[in-house]
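The sequence shown begins at 1 in full-length UniProt numbering and counts up by one. Beta carbons: idealized from backbone N, C-alpha and C, even for Gly.
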Amino acid sequence: MKQQILRSKWHFILLTLSVFLCFPVDSDELKIKPNVPRSYVVVAGDTLWDISTLYLQSPWRWPELWGQNQHIDNPHLIYPGDRLSLIWIDGKPRLTKKAFEKLSPRIRINQKVAISGAERATVTRYLEKEGLVESSRLETFPVVAGSSRGLDYVTDRDELYIQYEGAEREWGIYRVGKAYISSDEKAEMTEIRLLAEAHTVDQKEGMTTLMITSLKRELKKGDLVIPFSVHQDMSLAASFYPQPGPDITSKPVQLLGSLNSLNYAVQGQTVVLNVGVLDSVKQGSTYLIKRRSEDFRFSSGEKGLTKATKVSTFPKVEIGQLMVIRPYAHFSIAVITTSTEPVSMMAIIEAPER
1 MKQQILRSKW
11 HFILLTLSVF
21 LCFPVDSDEL
31 KIKPNVPRSY
41 VVVAGDTLWD
51 ISTLYLQSPW
61 RWPELWGQNQ
71 HIDNPHLIYP
81 GDRLSLIWID
91 GKPRLTKKAF
101 EKLSPRIRIN
111 QKVAISGAER
121 ATVTRYLEKE
131 GLVESSRLET
141 FPVVAGSSRG
151 LDYVTDRDEL
161 YIQYEGAERE
171 WGIYRVGKAY
181 ISSDEKAEMT
191 EIRLLAEAHT
201 VDQKEGMTTL
211 MITSLKRELK
221 KGDLVIPFSV
231 HQDMSLAASF
241 YPQPGPDITS
251 KPVQLLGSLN
261 SLNYAVQGQT
271 VVLNVGVLDS
281 VKQGSTYLIK
291 RRSEDFRFSS
301 GEKGLTKATK
311 VSTFPKVEIG
321 QLMVIRPYAH
331 FSIAVITTST
341 EPVSMMAIIE
351 APER
């Protein structure tokens, strides 16, 4: 009888072990959202973040979902019209790209533009025309000296004059914003806000004449005139994919300010981080945005928890994510990809779990 009971126990143990061996528990398993489409045709205006969010609980893990396409040149490049198919390889989900052919008369497009990690207009804006400039360089750029009508404030019908001799042809006209200083005080960069775009039409006796091609805000004498070439970095591209940001142990990742507002930022707006290329941050680096539970305030300004409540280990609440679109040496410009509430500049920024 005892032997029979002992034999039954061993059978149970072996059966339990076989179940675990057949179905291993992997805490780092890539999770697909329920009821996702098995195929998806990319349309103009899509971003990699949009598609990643469609399929993944953790959008920054896009490279893992897209890993089956590493044999393709520039594997992260996806174009409008591409059909993405969800498949499983060795029990792991993968998206694969297949050419999409529509059997109907159409105009052949020879040059397609790959979709980007974030909204292309925002990415292009900070890669080519706007962003941060080393503060030490500001005094080296010309300023608006005058206009064809001699007014303090100029319009898009005026020609502008700057004291400049050189080969630059395409210009941005800017107003200086906030200055940012690195934690080690070895670098300082200043925000410049684009007011207008212009190109050179004449040059003589040390004076260059500019014609305004796009006027976004009112101009005045003394506004900075900076060639667009200053912003261009050939190592950066408009097309990149989301990926987990590096876990930086030397210093906390912090929000230094918002490029679109004063104290709070919302989804779609851009912010400045205190980390950059020297901290291994790159285009597509994604971080979680959190706040402490006790930091919540009602619309009246009253805190969610009273001073009488004494709890020292409140959990952090995730309120969104952000993604770097323009890294500099010591700083980065990031776009808030998702947010459930306005993001304070005191928010906690953390690297996601890989």
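According to the DSSP assignment, Thr337 belongs to the beta strand (DSSP E) that extends over 332-339. Val277 is a Cβ neighbour of Tyr328, given a cutoff of 8 angstroms. Taking a C-beta distance under 8 angstroms as the contact criterion, Ile115 and Asp46 qualify as a contact pair.
The stretch 226-241 makes no contact with the stretch 332-339; the number of CB pairs closer than 8 angstroms stays below 3. The Cβ atoms of Pro242 and Trp66 lie no closer than 8 angstroms to each other. In the three-state DSSP reduction, Gly284 falls in the coil class, being neither helix nor strand.
Comparing alpha carbon positions, the residue from Glu139, Val317, Lys316, Ser258 closest to Met345 is Ser258. Distance between Glu64 and Gly222, taken at the CA atoms: about 50 angstroms. Annotation for Thr53: the continuous alpha helix (DSSP H) segment containing it runs 48-55. Within 10 angstroms of the beta-carbon of Ile325 lie 16 or more other beta-carbons, which makes it buried. Inclusion of Leu288 and Asn274 in the CB contact set at 8 angstroms is not warranted, their separation being larger than that value.
DSSP places Ala121 in the helix class (H, G or I) of the three-state scheme. Separation of Glu197 and Glu159 (C-alpha to C-alpha, rounded to the nearest whole angstrom) is 12 angstroms. In its chain, beyond the 5 residues on either side, Asp158 have a beta carbon closer than 7 angstroms to the beta carbon of Arg149. The beta carbons of Met189 and Glu134 sit about 6 angstroms from each other, so the pair counts as a contact at 8 angstroms.
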